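Chains A and B, in that order, are what the protein sequence lines are. Counting in the numbering used here, the first sequence runs from 1 upward without gaps. Counting in the numbering used here, the second sequence runs from 1001 upward without gaps. All C-beta atoms, glycine included, are put in the ideal place defined by N, C-alpha and C. As the structure is a prediction and not an experimental result, all values here were calculated from the model. Structure, as structure tokens:
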Amino acid sequence: MERTHGRIITAFCCVLALFLLGAGGDRKEPDERALLRKQSEKLEARIDRLTAEQDFLLFQKAMYDADSRYLVLHPASGKGQLKYKNRVLRTFTFSSSSRRPAKPLGAGALSLADKVDGRGSRHALIYGDILILQTRKSRVPIKTAHMTRFYLAGKDLNAVFYAVEEGSPAYIVQ
Amino acid sequence: MRQACIHILLFLTLASAVTAQDAKEQPSLDELRQQVQSLEQRAAVLEEENEGLKRMLQSREDGEIYIVVDTENNRLSLRKGERVLRNAVCSSGSRELVEDEYGRTWYFETPNGAFRVLAKERNPVWIRPDWSYVEENMPVPALNDPDRIVRDVLGKYALVLGNGYKIHGTTFKELLGTHFTHGCISMGDADLEAAYKASKVGTRVYLY
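Structure below.
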């Protein structure tokens, strides 16, 4: 009698277990959920790209209407441009510092905070508190040690140094 | 046996409760579909806006040749869009100061900024200004003195930028590439001819 009773309980437990496990939802649902998640991740990445592109386009539009020379810097290729409105005044190359900076350099506009007049290819341009354009010989303040450094050739930096003013923007394109 | 079954039952109840809780925290399928749809819409709007901005920026490209002068390195370039058509050595202001006995001063610097070619001249004539006499310790003649008219020192061509500034030739070819002028931009003959032929009245000139 007791054995039969035990069997009934075991069978009931098995049925209940199957029922409870099945209660998690339709078997198709996880597949679709994963697909939708993947799709939305892709879309979010695309939106990030388009937002960054729009930011740069709006910057160019603003600079077209402004009366200021500005820089466009592309760290990945090490190429830069000095521009005025939609005109390229100068193209130049630069190399980045090998040391990892404390603050990573993201895409966007920076403002020229300070011009360090070093004379004889020793100038430096300090953008925000994050980036310095300089030559290998430039003398820069010690407080800038944490910043990202872009090294330009002397003649390029000389030309750019006198072409931009404090407050002039530089746009970092990623 | 009974005890074992109770344990299994308890475990399964707990597991199902956890699963149900997870399901509650996750967005429903409809919510996910809605999220994807709204992201698609946002991406489409951004794409359309960016295309509009690109078209607007493109419409501002006039496709014209323009002149750029790097007064720091004494280099002139003819450019069109992103392309450099010609690079040339030039000379710009000496950055020297001259003062006469009356306290008048002249600082020979090439101005920075955006200009346009206001006129094109062939065989330009130099009308000597006062400072050129002061510089050579000569008496300054009257404004209409014919001695002020000097030919064949500005080359075959000149591009007039206004306020007395021009892009012209020079007889001091050995000084090209240095700061020696009185504010104008001097060029070699062949480069000057190329700049003259490539530009027209209205061509933009950027000095920096």
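Problem set entry | Where the stretch 1040-1067 of chain B meets chain A: residues whose CB sits under 8 Å from a CB there | Glu1040, Arg1042, Ala1043, Leu1046, Glu1047, Glu1049, Asn1050, Leu1053, Lys1054, Met1056, Leu1057, Arg1060, Glu1061, Tyr1066
Exercise. What residue does the beta strand (DSSP E) around asparagine 1087 of chain B start on, and which one ends it?
Worked result: Along the second sequence, one-based indexing puts residue 1087 of chain B at 87. First-last of the beta strand (DSSP E) with asparagine 1087 of chain B: 1083-1093.
Problem set entry | Backbone CA spacing between aspartate 65 of chain A and lysine 83 of chain A [nearest angstrom] | To locate residue 65 of chain A, count along the first sequence from 1; it is residue 65. To locate residue 83 of chain A, count along the first sequence from 1; it is residue 83. Those two C-alpha atoms are separated by around 13 Å.
Problem set entry | Own chain partners of alanine 124 of chain A with C-beta closer than 6 Å, once the 5 adjacent residues on each side are dropped | Translated into the one-based positions of the first sequence, residue 124 of chain A becomes position 124. So the qualifying residues of the chain are Val116, Ile132, Gln134, Ser138, Val140.
For this session: Helix, strand or coil for aspartate 114 of chain A, going by three-state DSSP, please let me know.
Result: In the first sequence, the residue the question calls residue 114 of chain A occupies position 114. The answer is strand: DSSP assigns aspartate 114 of chain A an E or B state.
For this session: Give the range of the alpha helix (DSSP H) segment to which leucine 125 of chain A is assigned.
Result: For the purposes of this step, residue 125 of chain A is taken as residue 125 along the first sequence, with counting starting at 1. That residue, leucine 125 of chain A, is in no alpha helix (DSSP H); its beta strand (DSSP E) goes 124-127.
For this session: Report buried or exposed for serine 77 of chain A, applying the criterion of at least 16 other Cβ atoms within 10 angstroms of its Cβ.
Result: In the first sequence, the residue the question calls residue 77 of chain A occupies position 77. When all chains shown are included, serine 77 of chain A counts as exposed.
For this session: Measure from the C-beta of valine 88 of chain A to each C-beta in chain B and report whether the shortest distance is under 8 Å.
Result: For the purposes of this step, residue 88 of chain A is identified with residue 88 of the first sequence, where counting begins at 1. Yes, contact with chain B.
For this session: State yes or no: is the C-beta of proline 75 of chain A within less than 8 Å of the C-beta of isoleucine 172 of chain A?
Result: For the purposes of this step, residue 75 of chain A is taken as residue 75 along the first sequence, with counting starting at 1. For the purposes of this step, residue 172 of chain A is taken as residue 172 along the first sequence, with counting starting at 1. Yes, the Cβ-Cβ distance between proline 75 of chain A and isoleucine 172 of chain A is below 8 Å.
For this session: Starting from the beta carbon of glutamate 53 of chain A, find every residue of chain B whose beta carbon is closer than 7 Å, and list them in chain order.
Result: As a first step, residue 53 of chain A is located in the first sequence; it is residue number 53 there, counting from the start. The answer, in chain order, is Asn1050.
Exercise. Residues of chain A with a CB under 7 Å from the CB of glutamate 1072 of chain B: which are they?
Worked result: As a position in the second sequence, residue 1072 of chain B is number 72, starting the count at 1. The answer, in chain order, is Asn158, Ala159, Tyr162.
Exercise. How many Å lie between valine 72 of chain A and valine 88 of chain A at the Cα?
Worked result: Against the first sequence, residue 72 of chain A aligns to sequence position 72. Against the first sequence, residue 88 of chain A aligns to sequence position 88. Cα to Cα, valine 72 of chain A sits roughly 10 Å from valine 88 of chain A.
Problem set entry | With 16 other Cβ atoms within 10 Å as the buried cut-off, status of glycine 1052 of chain B | One-based indexing of the second sequence puts residue 1052 of chain B at position 52. Answer is exposed; the Cβ neighbour count stays below 16.
For this session: Note down, in chain order, every chain A residue with its Cβ under 9 Å from the Cβ of glutamate 1082 of chain B.
Result: As a working mapping, residue 1082 of chain B is identified with position 82 in the second sequence. Here the neighbours are Gln81, Val88, Thr91.
For this session: Kindly give me the distance between the Cβ atoms of threonine 1178 of chain B and serine 1091 of chain B, rounded to whole angstroms, as I take these residues to be in contact under 8 Å.
Result: Taking the second sequence and counting its residues from 1, the one referred to as residue 1178 of chain B is at position 178. Taking the second sequence and counting its residues from 1, the one referred to as residue 1091 of chain B is at position 91. Right, the Cβ-Cβ distance comes to about 6 Å (below 8 Å), so this counts as a contact.
Exercise. Straight-line CA distance for serine 1038 of chain B to glycine 108 of chain A?
Worked result: In the second sequence, counting from the first residue as 1, residue 1038 of chain B sits at position 38. In the first sequence, counting from the first residue as 1, residue 108 of chain A sits at position 108. Each residue's alpha carbon lies about 26 Å from the other.
Exercise. DSSP on alanine 62 of chain A, reduced to helix/strand/coil?
Worked result: As a first step, residue 62 of chain A is located in the first sequence; it is residue number 62 there, counting from the start. Alanine 62 of chain A falls in the helix class under three-state DSSP.
Exercise. Relative to the C-alpha of valine 160 of chain A, which residue among A:Phe56, A:Leu105, A:Arg46, A:Thr93 is closest?
Worked result: Here residue 160 of chain A refers to the residue found at position 160 when the first sequence is read from its first residue. Nearest of A:Phe56, A:Leu105, A:Arg46, A:Thr93 to valine 160 of chain A, Cα basis: A:Thr93.
Exercise. Taking asparagine 1137 of chain B as the reference, which of B:Leu1118, B:Asp1100, B:Ser1186 has the closest Cα?
Worked result: In the second sequence, counting from the first residue as 1, residue 1137 of chain B sits at position 137. Nearest C-alpha to asparagine 1137 of chain B: B:Asp1100.
For this session: Inspect the beta-carbon positions of leucine 57 of chain A and asparagine 1050 of chain B and report whether they are closer than 8 Å.
Result: The count along the first sequence starts at 1 and reaches residue 57 of chain A at position 57. The count along the second sequence starts at 1 and reaches residue 1050 of chain B at position 50. It is a contact, given that the beta carbons lie within the stated cut-off.
For this session: Taking only beta-carbon positions, decide if arginine 948 of chain B is within less than 8 Å of chain A.
Result: This structure gives no information on residue 948 of chain B, because the portion of chain B shown stretches from 1001 to 1208.
For this session: Kindly indicate the opening and closing residues of the alpha helix (DSSP H) around valine 1045 of chain B.
Result: Mapped onto the second sequence, residue 1045 of chain B falls at position 45. Element bounds for valine 1045 of chain B: 1029-1059.
For this session: Give the range of the alpha helix (DSSP H) segment to which glutamate 1193 of chain B is assigned.
Result: If you number the second sequence from 1, residue 1193 of chain B lands on position 193. Segment 1189-1198, the alpha helix (DSSP H) holding glutamate 1193 of chain B.
For this session: Measure from the alpha carbon of tyrosine 980 of chain B to the alpha carbon of each residue in B:Asn1163, B:Tyr1133, B:Ala1195, then state which is nearest.
Result: What the structure shows of chain B is the stretch from 1001 to 1208, and residue 980 of chain B is not part of that stretch, so it cannot be assessed.
Problem set entry | The alpha helix (DSSP H) enclosing alanine 163 of chain A, as first and last residue numbers | Here residue 163 of chain A refers to the residue found at position 163 of the first sequence. First-last of the alpha helix (DSSP H) with alanine 163 of chain A: 154-163.
Exercise. Where in the stretch 29-92 of chain A do unbroken runs of the beta strand (DSSP E), each at least 3 residues long, occur, reported from the N-terminal end onward?
Worked result: 69-74, 79-84
For this session: Could you tell me whether the Cβ of arginine 1122 of chain B comes closer than 8 Å to any Cβ of chain A?
Result: Within the second sequence, numbered from 1, the residue matching residue 1122 of chain B stands at position 122. Answer no: the Cβ-Cβ gap between arginine 1122 of chain B and chain A never drops below 8 Å.
Exercise. So, helix, strand or coil for glutamate 1099 of chain B, using DSSP?
Worked result: Walking along the second sequence from the start, residue 1099 of chain B turns up at place 99. Three-state result, glutamate 1099 of chain B: strand.
Exercise. Asparagine 1144 of chain B to arginine 1128 of chain B, Cα distance in whole Å?
Worked result: Numbered from its first residue, the second sequence carries residue 1144 of chain B at position 144. Numbered from its first residue, the second sequence carries residue 1128 of chain B at position 128. Going from the Cα of asparagine 1144 of chain B to the Cα of arginine 1128 of chain B covers about 11 Å.
Exercise. What is the DSSP secondary structure of lysine 1080 of chain B, reduced to helix, strand or coil?
Worked result: Counting from 1 along the second sequence, the entry for residue 1080 of chain B is found at position 80. Looking at lysine 1080 of chain B - three-state DSSP - the assignment turns out to be strand.
Exercise. Under the three-state reduction of DSSP, which class applies to isoleucine 8 of chain A: helix, strand or coil?
Worked result: By 1-based counting over the first sequence, the position of residue 8 of chain A is 8. Of the three classes helix, strand and coil, the one that applies to isoleucine 8 of chain A here is helix, per DSSP.
For this session: Return the CA-CA distance between glycine 1081 of chain B and lysine 85 of chain A, expressed in angstroms with no decimal places.
Result: Counting from 1 along the second sequence, the entry for residue 1081 of chain B is found at position 81. Counting from 1 along the first sequence, the entry for residue 85 of chain A is found at position 85. One C-alpha to the other measures close to 12 Å.
Problem set entry | Proximity test, Cβ basis, 8 Å: glutamine 60 of chain A and chain B | As a working mapping, residue 60 of chain A is identified with position 60 in the first sequence. Yes, contact with chain B.
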